[in-house]
Amino acid sequence: MTRGRAKRAAVRPASWPLVALLLALLPATSRADGAATPRTLSLADARRLAAERNWALAAARSGVQQAEGLRVQAGAWPNPVALASAGKLNLTPPGPSGSSSDTALGVTQLLELGSKRSARIRAAAAGLAASQAQLAMTRVAQDAAVVKAYAVAVAAAETARVGRDSAQTLERAAAIAEVRFSAGGISAAERDQTRVAAGRFAADVRSAEAAAVQARIALQTLLGEPVPDGAVTLSDDLASLLRLAAAGAPAAPQATALESRGDVRAARAAAEQARAQADLQRAQRVPDLSLSAQYERDLPDNPNTLGFGVSITLPIFDRNQGAIAAAQAASQQAASEAARVRAQANAEVAAARAALAAALDRHRSYVEELLPRAEAASRTVAFSYEKGLASLLELLEAERSLNEVRLAAVDSQADAVGAAADLAAACGETLP
Numbered sequence: 085m086t087r088g089r090a091k092r093a094a095v096r097p098a099s100w101p102l103v104a105l106l107l108a109l110l111p112a113t114s115r116a117d118g119a120a121t122p123r124t125l126s127l128a129d130a131r132r133l134a135a136e137r138n139w140a141l142a143a144a145r146s147g148v149q150q151a152e153g154l155r156v157q158a159g160a161w162p163n164p165v166a167l168a169s170a171g172k173l174n175l176t177p178p179g180p181s182g183s184s185s186d187t188a189l190g191v192t193q194l195l196e197l198g199s200k201r202s203a204r205i206r207a208a209a210a211g212l213a214a215s216q217a218q219l220a221m222t223r224v225a226q227d228a229a230v231v232k233a234y235a236v237a238v239a240a241a242e243t244a245r246v247g248r249d250s251a252q253t254l255e256r257a258a259a260i261a262e263v264r265f266s267a268g269g270i271s272a273a274e275r276d277q278t279r280v281a282a283g284r285f286a287a288d289v290r291s292a293e294a295a296a297v298q299a300r301i302a303l304q305t306l307l308g309e310p311v312p313d314g315a316v317t318l319s320d321d322l323a324s325l326l327r328l329a330a331a332g333a334p335a336a337p338q339a340t341a342l343e344s345r346g347d348v349r350a351a352r353a354a355a356e357q358a359r360a361q362a363d364l365q366r367a368q369r370v371p372d373l374s375l376s377a378q379y380e381r382d383l384p385d386n387p388n389t390l391g392f393g394v395s396i397t398l399p400i401f402d403r404n405q406g407a408i409a410a411a412q413a414a415s416q417q418a419a420s421e422a423a424r425v426r427a428q429a430n431a432e433v434a435a436a437r438a439a440l441a442a443a444l445d446r447h448r449s450y451v452e453e454l455l456p457r458a459e460a461a462s463r464t465v466a467f468s469y470e471k472g473l474a475s476l477l478e479l480l481e482a483e484r485s486l487n488e489v490r491l492a493a494v495d496s497q498a499d500a501v502g503a504a505a506d507l508a509a510a511c512g513e514t515l516p
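If you're matching positions, the sequence shown starts at 85 in the numbering used here and goes up one per residue.
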């Protein structure tokens, strides 16, 4: 072994822990797509990852690609038809006049009449516009879903934290009860009730922690995570999310906002596509022309000749009446659907505005009024219980009331964030 190899062999064992540490600090990556969810996740990161990897968005993008292919195909001209034939070939020795044969080369081209091609292009272009609008609506809806899922996951973690605080308070109360029981100040039944209450709060904490993991798994699923496991830390808190919600209410007038909604645009494009299809079916009544040209070599009498022809379908038995009636009915149905979607969008915007206002008022009421009062009452009763001036029932009731108000305040924050996301989506927008 050379000196360099010996030196490398001596250094290698000491360097492995450092290499392992560096690998552990690297961001997690997925071997499936090369971009797994980071272990620490902000709302901005979550929205960016969803825009890149969400399954519904991927399907909507494929729909746009399909519609683009149909649009390109709709503008294609009919292919010409080539003809080659050979006849009167000699199977026996030729006669006195020599060999005889008849060969022909020809081409036929279909000419569409009645603006069929333009109607077909209009229909395909409208279909592409509908797919693009649907993609925009899917992007808005998925962004709102990610914001709401993130808020729910943060709220679930906060719920577990509130439960742990309440459980710790009751653990201290149980310790005080043990001291008072030893001093003969309370009965064994009262001491045991305190222990039972503390145990119930601890059990609720475990349930809340499991719910928080489930909420993070649901968020990772929206982000297109191949193997969601809930092992992610959310870096944004409810306060920052609430500021986003308060600043994110769309300011545009409702009528203007509706014009940018993807489903409204998609329904409008679908109605235009149905009108173009109806025009196409009416154009099908006009027969198409087929022009042909042929070169023929007929030996021995007519060595070189040219021929031309025109053919047309006679619309005697089939004038496309059934297809025209069906297309007209489909056009009327699409127009009615566009009107219904627009009315539904108006209703959703109005309902979302009311829901956001109510959610913000509810949160303000909890934070500014109910929560301070419940905290003050809990502190007073806990101090009185410690001094023997309050009963166990009063202590448990105060702690239960404070816990309920805290959880309701957390829920009101998450509800406000979700309502803001719903309003933005209802207006065809996303939060800042």
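Even for Gly, the Cβ is constructed at its ideal location relative to N, Cα and C.
Check whether residue i and residue j have beta carbons under 9 Å apart
i, j, result
"Ala351", "Arg463", "no"
"Gly512", "Val348", "yes"
"Trp161", "Arg206", "no"
"Thr192", "Val224", "no"
"Val231", "Val501", "yes"
"Val246", "Asp321", "no"
"Arg275", "Glu262", "yes"
"Ala235", "Ala498", "yes"
"Ala509", "Ala228", "yes"
"Ala217", "Arg381", "no"
"Ser126", "Glu483", "no"
"Val370", "Gly153", "no"
"Phe149", "Ala208", "Note on residue identity: the sequence assigns Gln, not Phe, to residue 149. Going by C-beta atoms, Gln149 is not nearer than 9 Å to Ala208."
"Leu194", "Ser344", "no"
"Asn404", "Gln361", "no"
"Pro310", "Ile301", "no"
"Ala296", "Ala233", "no"
"Leu491", "Thr243", "yes"
"Leu306", "Pro516", "no"
"Ala144", "Leu212", "no"
C-alpha distance - residue i paired with residue j, whole-angstrom precision
i, j, result
"His447", "Ala354", "42 Å"
"Pro111", "Ala203", "Low local confidence applies: a pLDDT of 41 at Pro111 is under 50, so the model's placement there is unreliable, with the coordinate-based value given in what follows. Distance between the alpha carbons of Pro111 and Ala203 is about 53 Å."
"Ala390", "Ala377", "In the sequence as displayed, the identity of residue 390 is Leu instead of Ala. Between Leu390 and Ala377, the C-alpha separation is close to 7 Å."
"Ala267", "Ala460", "28 Å"
"Arg457", "Ala259", "26 Å"
"Pro97", "Ala134", "With a pLDDT of 41 at Pro97, under the threshold of 50, the modelled position of this residue cannot be trusted, and the question is left open."
"Arg356", "Ser215", "In the sequence as displayed, the identity of residue 356 is Glu instead of Arg. Computed Cα separation, rounded: 13 Å."
"Leu107", "Arg123", "Residue placement at Leu107 is flagged as unreliable, the pLDDT there being 35, under the threshold of 50; a coordinate-derived value is accordingly withheld."
"Leu173", "Leu383", "10 Å"
"Ile270", "Glu470", "12 Å"
"Ala466", "Arg290", "24 Å"
"Ala142", "Gly308", "10 Å"
"Thr514", "Glu432", "15 Å"
"Glu478", "Glu452", "24 Å"
"Leu455", "Ala493", "8 Å"
"Ala439", "Asp506", "9 Å"
"Leu364", "Ala436", "41 Å"
"Ala422", "Arg359", "13 Å"
"Arg131", "Arg137", "10 Å"
"Thr113", "Glu196", "For Thr113, the predicted structure reports a pLDDT of 38, less than 50, and the residue's modelled location is therefore unreliable. A value from the coordinates is still provided. Approximately 55 Å between the Cα atoms of the pair."
Per-residue burial, residue i [other beta carbons within 10 Å of its own, 16 or more giving buried]
i, result
"Ser415", "buried"
"Phe401", "exposed"
"Phe285", "buried"
"Val280", "exposed"
"Leu167", "exposed"
"Ser169", "exposed"
"Asp385", "exposed"
"Asp288", "buried"
"Ser395", "exposed"
"Asp117", "Because the pLDDT of Asp117 is 43, which lies under 50, any placement of that residue in the model is unreliable, and the question is left without a value."
"Leu473", "exposed"
"Ala413", "exposed"
"Ala428", "Before going on, a small fix: residue 428 reads as Gln here, not Ala. When all chains shown are included, Gln428 counts as exposed."
"Thr278", "buried"
"Asn487", "buried"
"Leu318", "buried"
"Leu325", "buried"
"Gln304", "buried"
"Ser420", "exposed"
According to DSSP, residues forming a beta bridge with residue i
i, result
"Gln193", "Leu375"
"Val165", "Thr192"
"Ser185", "Leu383"
"Thr464", "The partner list for Thr464 (beta bridge, DSSP) is empty, contrary to what the question assumes."
"Thr514", "Per DSSP, none; premise fails for Thr514."
"Ala436", "Beta-bridge pairing links Ala436 to no other residue."
"Ala170", "Thr187"
"Leu125", "Leu318"
As an exercise, report each continuous beta strand (DSSP E) stretch of at least 3 residues that is fully enclosed by the region 371 to 411, in chain order. 373 to 383 and 386 to 396, all fully within the region 371 to 411.
Unbroken stretches of the beta strand (DSSP E), 3 residues or longer, contained in the region 267 to 318: Correct list: empty.
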